[in-house]
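A.B. asks: The sequence shown begins at 751 in my numbering and counts up by one. Before we start, here is the structure in question, set down as structure tokens.
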Amino acid sequence: MAAELTAHELIARHRPTLDQALEAIRTRAYWSPHPEHPKAYGENGSLDMAAGKAAFDALLGSRIELDQPGTDGWVEGETSPYGVELGVSYPHADLDVLLPAMKAGMRAWRDAGAETRAVVCLEILKRISDRTMEFAQAVMHTSGQAFMMAFQAGGPHAQDRGMEAVAYAYVEQVRTPDTAEWTKPQGKRDPLALTKSFVPVPRGIGLVIGCNTFPTWNGYPGLFASLATGNAVLVKPHPRAVLPLALTVQVARQVLAEAGFDPNLVALAAERPGEGIAKTLATRPEIRVIDYTGSTEFGDWLESNARQAQVYTEKAGVNTVIVESTDDYKGMLSNLAFSLSLYSGQMCTTPQNLLVPRDGITTDQGPKSFDEVAADLAKAVDGLLGDDARANALLGAIVNPDVKARLEAAAGLGEVVLASREITNPEFPGAVVRTPVIVKLDGAKPDAEAAYMSECFGPVSFLVAVDSAAGATELLRRTIQEKGAMTVGAYTTSPEVEEAVTEVCLEEAAQLSLNLTGGVYVNQTAAFSDFHGSGGNPAANAALCDGAFVANRFRVVEVRREA
């Protein structure tokens, strides 16, 4: 097919950005090419907020045309957590037709080389960035995130994670030279001489199994890591969050075609209600890489049953914060209150268990008993969410009925320190908005252990009384070992306690944040600098993003010739 975008043009356009990304992952310093303030999106042809909303509204009730092979019908069924019926239809695929068509374009994509693949991926990300406001609406109305979070996490932060994956993919592919002249001396005889070529070859078709809560943020790393390493990518969105990923596939297919590649290198697998095609897809022989975000149960199933594929999972964990002492009591409470409230706790990084010595803690405001810490934290959350407008902007909406059911059941698990309350969203009366519940538990009691040692995804936190700082670190260790953790936090002014907590996190491979009291929160990570997950505990077998996340998506094949 004729290319409208040549490799030379794309390299000239995007190589400087790629080089900046490579430098960022080397230094781990702050860098982002994607502005995280809405005002930055009103110029240079980008959509401002009003235009983004209009573009989203135009999608309602429409069909997302992808021109994919094997389309045998149309599916729909998404309803926004804000009560809006989306009515968007997506192509349903006959996999026996679609998958062979996806494989057909892989040879040319492989032969294009690592640099060309990288800059094509960056062009896809640039096109998505230009439509950030439209994507923000799509993320908001499928995930239930409040607009500002949907804009930031679903837009620039997701795009950052996609670009980060491209950068790591490029580094790993060019680690081995394209060619080498090999000469081995043989004494008095003529030397042995070979010309060797080394070609990064893709594994096959990558499958991205999307999640409901962060469809782009969690979807882009695997999508772009697989695509940049030469694989075709089939995107299977969560049935309640199809739109953001369908738009992504649409953009990717357009860019691939314009660059002279087969658009079927990226395709969508939308499913009919109740069809449940993830297991079917995951075990097909054509699928050689799988990226999954979601429940531990299905993640474990994939790891055990998708034996033909390299499987990358981000599952569930029980995130823990140890509160032993602080020199900024007010800042600690404020930071924790925000962390517990953001997006109604519907983040895989939100703290669930707060371990506090039953004899209390030392602070810059004097000693605080366990009950005082509980009351003051409840007051901090209540104060943060006391204004309904601000509460709606922080909480968003409950994403599905299961979260609501867990929230309601949590009040019966122990003494309620802070009761959840219902908030009305004037703009979206159909939204289910609830403030967090905080429940006090005695860590020494077996019936309490059943609660705090289980993941309770949503706006539910347990304030757990422990005997000592040493007891807290041992409970932390056991929690990470048995349940995993995406994040760990600790507040302490004691060098000995800090060392003990750090050692547990190093030994059990859990990402640790210490004494956060300002505008950085334990449940937020920055691309190019922070690792999301470690891949070393049961919560996830991969980290976003490191070399291990990309290196096994391709293999290097060597061809030797006599010189």
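Cβ atoms here follow ideal geometry from the backbone N, Cα and C, with glycine treated the same way.
(1) DSSP puts valine 951 in a beta bridge; with which residues?
(2) Give the straight-line distance between the Cα atoms of tyrosine 780 and aspartate 822, rounded to the nearest whole angstrom.
(3) Can you tell me whether alanine 800 is buried or exposed? The criterion is at least 16 other CB atoms within 10 Å of its CB, across all chains shown.
(4) Check the DSSP bridge columns for glutamine 902 and list the partner residues they point to.
(5) Give me, in chain order, the residues of the same chain whose beta-carbon lies closer than 6 angstroms to that of cysteine 1098; leave out the 5 immediate sequence neighbours on both sides.
(6) Any idea which residues DSSP pairs tryptophan 932 with across the strands?
(7) Return the chain-ordered list of same chain residues with a C-beta closer than 8 angstroms to the C-beta of valine 951, the five sequence neighbours on each side being excluded.
(8) Between which residues of its own chain and serine 947 is the CB-CB distance below 6 angstroms, once the five residues before and five after are set aside?
(9) Would you call the segment 888-902 and the segment 963-973 touching, i.e. three or more CB-CB distances under 8 angstroms?
(10) Does the beta-carbon distance from isoleucine 1111 to asparagine 1142 come in below 9 angstroms?
(11) Sort Val870, Arg881, Phe1212 by Cα distance to leucine 1015 and report the nearest one.
(12) For the alpha helix (DSSP H) holding proline 788, just list the boundary residues, first then last.
(13) Which partner residues does histidine 1282 have in the DSSP bridge list?
(14) In the segment 1004-1035, which residue ranges form an unbroken beta strand (DSSP E) of at least 3 residues, counting only runs that do not cross its ends?
(15) Please state whether the Cβ-Cβ distance between cysteine 1295 and alanine 1277 is less than 9 angstroms.
(16) What three-state label does DSSP hand tryptophan 781 in the structure shown?
(17) Shortest alpha-carbon distance to glutamine 902 belongs to which of Gly1136, Pro941, Ala790?
(18) Using CA atoms only, rank isn't needed, just tell me which of Ala943, Leu977, Lys1129 is closest to glutamate 1312.
(19) Let me check one thing: in DSSP terms, what residues is tryptophan 824 bridge-paired to?
(20) Can you tell me which of Leu816, Glu922, Thr829, Ala978 puts its alpha carbon nearest to the alpha carbon of arginine 867?
(21) Return yes when at least one heavy atom of the ligand SAH lies under 8 angstroms from the C-beta of phenylalanine 1278, else no.
(22) Give the single residue among Leu848, Tyr920, Gly1026, Leu1168 whose Cα lies nearest to the Cα of aspartate 817.
(23) Looking at C-beta atoms only, is the number of pairs between the segment 1044-1061 and the segment 998-1015 that lie closer than 8 angstroms three or more?
(24) Just to confirm the assignment, what range does the alpha helix (DSSP H) spanning aspartate 861 have?
(25) When DSSP labels each residue in this structure, what does proline 1107 get in the three-state scheme?
(26) Out of Gln1102, Gly1268, Val1183, Gly1208, which one is the CA nearest neighbour of lysine 1233?
(27) Rounded to whole angstroms, what is the Cα-Cα separation between glycine 1221 and alanine 1260?
(28) Mind the definition here: the segment 1155-1173 touches the segment 1123-1138 only if three or more C-beta pairs lie below 8 angstroms; say whether that holds.
(29) Quick check: glycine 1146 and alanine 1201, are their CB atoms within less than 9 angstroms of each other?
(30) Here's the rule I'm using: 16 or more other beta-carbon atoms within 10 Å means buried, otherwise exposed. How should tryptophan 932 be labelled?
(31) Using a threshold of 9 angstroms, state whether the C-beta atoms of asparagine 968 and leucine 1266 are closer than that.
(32) Restricting to Cα atoms, I'd like to know which of Leu1144, Val1182, Glu1177 is closest to glutamate 1158.
(33) Rounded to the nearest angstrom, how far is the Cβ of leucine 1018 from that of leucine 1092, given a contact under 8 angstroms?
(34) Would DSSP call alanine 1130 helix, strand or coil?
(35) Could you name the residues of the same chain whose beta carbon sits closer than 6 angstroms to that of alanine 774, not counting the 5 residues immediately before and after it, in chain order?
(36) I'd like to check one pair, tyrosine 832 with phenylalanine 1178: are the Cβ atoms closer than 9 angstroms?
C.D. replies: Result, derived from the coordinates:
(1) Arg1305
(2) 46 angstroms
(3) exposed
(4) Answer is none; glutamine 902 lacks a bridge partner.
(5) Met1236
(6) Leu944
(7) Arg860, Gly980, Phe1304, Arg1305, Val1306, Val1307
(8) Thr929, Val1309
(9) yes
(10) no
(11) Val870
(12) Segment: none, proline 788 is in no alpha helix (DSSP H) and carries neither H nor E.
(13) Leu1294
(14) 1016-1018
(15) yes
(16) coil
(17) Ala790
(18) Ala943
(19) Pro841
(20) Ala978
(21) In the structure on display, the ligand SAH does not appear, and there are no ligands present to speak of.
(22) Leu848
(23) no
(24) 856-862
(25) strand
(26) Gln1102
(27) 18 angstroms
(28) yes
(29) no
(30) exposed
(31) no
(32) Val1182
(33) No, leucine 1018 and leucine 1092 are not in contact; Cβ-Cβ is about 30 angstroms, not under 8 angstroms.
(34) helix
(35) Trp781, Phe1278
(36) yes
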